[in-house]
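In my numbering, the protein residues as written are 42 to 239.
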């Protein structure tokens, strides 16, 4: 299998971490830079974005949640806990991490538009949504062990993206438990190795 990625994509980071945790043999192909009309990814699918997983059979799978779901099927018990209640807790975290990342991503793109084209309402809405996510994650992850599953991977990718694109928001302020948890997760070699290069 081949995983098309770019190093600073938080969505691709989720898949890169999932591959490592699952212990699967996947070739990583750096697809940067992406914004080209003739990008090779456009010959494989309509999105032209990362992450994208090319299977050994030649199937081209896009979208992070679809790819991680597929990886979970290939490596049962590696990416989600087997215990039903623990699995639900991991899925809850994955949902919150996904929500936070999408919110941060939307806000980042809006802020990079020309000032006269930006929507202050959208920025305020997504900033408030992100703040709610930080609050919930701070409570959910307080005192939790540093372990990797699809839920914690989603949160790691979102917080790493927050450090990179939204440093001015200082998500750590008032979220000491979440900050401590994230710092512990960053000590895991695969997590550190996939961190964005600011």
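Note that CB positions come from ideal geometry on N, CA and C, so glycine has one too.
query                                                                                                             : result
Alpha-carbon to alpha-carbon, residue 178 and residue 242                                                         : In the structure displayed, the chain extends from 42 to 239; residue 242 sits before or after that span and is not available.
Sub-8 angstroms separation of residue 222 and residue 182 beta-carbons                                            : yes
Unbroken beta strand (DSSP E) run spanning residue 102, endpoints                                                 : 101-103
Outcome for residue 54 when other beta-carbon atoms lying within 10 angstroms are tallied against a minimum of 16 : buried
Beta strand (DSSP E) runs wholly inside the region 95-168, at least 3 long, in chain order                        : 101-103
Residue 43 in three-state terms, based on DSSP                                                                    : strand
For residue 71, the residue or residues it bridges with in DSSP                                                   : 46
Cβ-Cβ distance between residue 165 and residue 120 below 8 angstroms                                              : no
CB-CB length for residue 91 against residue 112, believed under 8 angstroms                                       : With 8 angstroms as the limit, residue 91 and residue 112 do not qualify as a contact, their Cβ atoms being about 15 angstroms apart.
Proximity of residue 57 and residue 44 at Cβ, strictly below 8 angstroms                                          : yes
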